[in-house]
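Here the sequence shown stands for residues -22 to -1, 1 to 124, numbered as in mature numbering (1 follows the signal peptide of the UniProt record, and there is no 0).
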Amino acid sequence: MLLNLILVNVFGIVLISTLSESKIMTKCEVAKALRQKGVPEKEVPTWVCIANAESRFDTHAVNRKTWDYGIFQISSLYWCQSGDKPGKGCNLSCNSLLHDNISTDIDCIRKVYAETEAIGQRPGFKAWTTWKPHCSGDNRQWVQGC
């Protein structure tokens, strides 16, 4: 009986740690994913820089102060719905941004970028507070070797 209880507890701990384990992507993995989704090549280095500045390439990053989600730290205030139901500007749940496949994240950042430019804020990277201090210059080093 005690052995069964111990095994159940160990299994539970392993399962929880596996489910909550995030992936830290490389800069080249991020660049490849962006290119595969058709992001213009001139924007790829800046997006890689933003992913580093926002989350250090952590696909499961959540800022518990601002409630920004995922590798690009997409805001739940405007762009994703907290929890599992889709909603807001990108019509998705914030939890859907916490996966190793960043395809959904990329679709959303492209929408944020386009809508930011549509209201006269150019470039659309201005929607990310990390852009100006960290990524507004020459970002070619972020894709060097990729």
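Ideal placement from N, C-alpha and C gives every residue a C-beta, glycine not left out.
Checklist entry - Counting Cβ pairs closer than 8 Å, one from the region 67 to 79 and one from the region 35 to 45, do we hit at least three? => result Yes, the region 67 to 79 touches the region 35 to 45.
Checklist entry - Closer than 7 Å: is that where the CB of GLU32 sits relative to any heavy atom of the ligand PLP? => result In terms of ligand content, the structure shown is empty, and the ligand PLP therefore cannot be addressed.
Checklist entry - Is the CB-CB distance between GLU21 and THR108 below 8 Å? => result No, the pair does not count as a contact, with Cβ atoms beyond the cut-off.
Item to check | Length at least 4, wholly inside the region 29 to 109: the alpha helix (DSSP H) runs in chain order | outcome: 81 to 96
Item to check | Nearest candidate by alpha-carbon position, reference TYR91, set SER81, LYS104, GLU7 and HIS112 | outcome: LYS104
Next on the checklist: Quick check: what's the CA-CA separation for GLN14 versus GLY61?
Outcome noted: 28 Å
Checklist entry - Is the CB-CB distance between ILE49 and CYS86 below 8 Å? => result no
Item to check | Limits of the alpha helix (DSSP H) - the one that GLN14 falls within | outcome: 5 to 14
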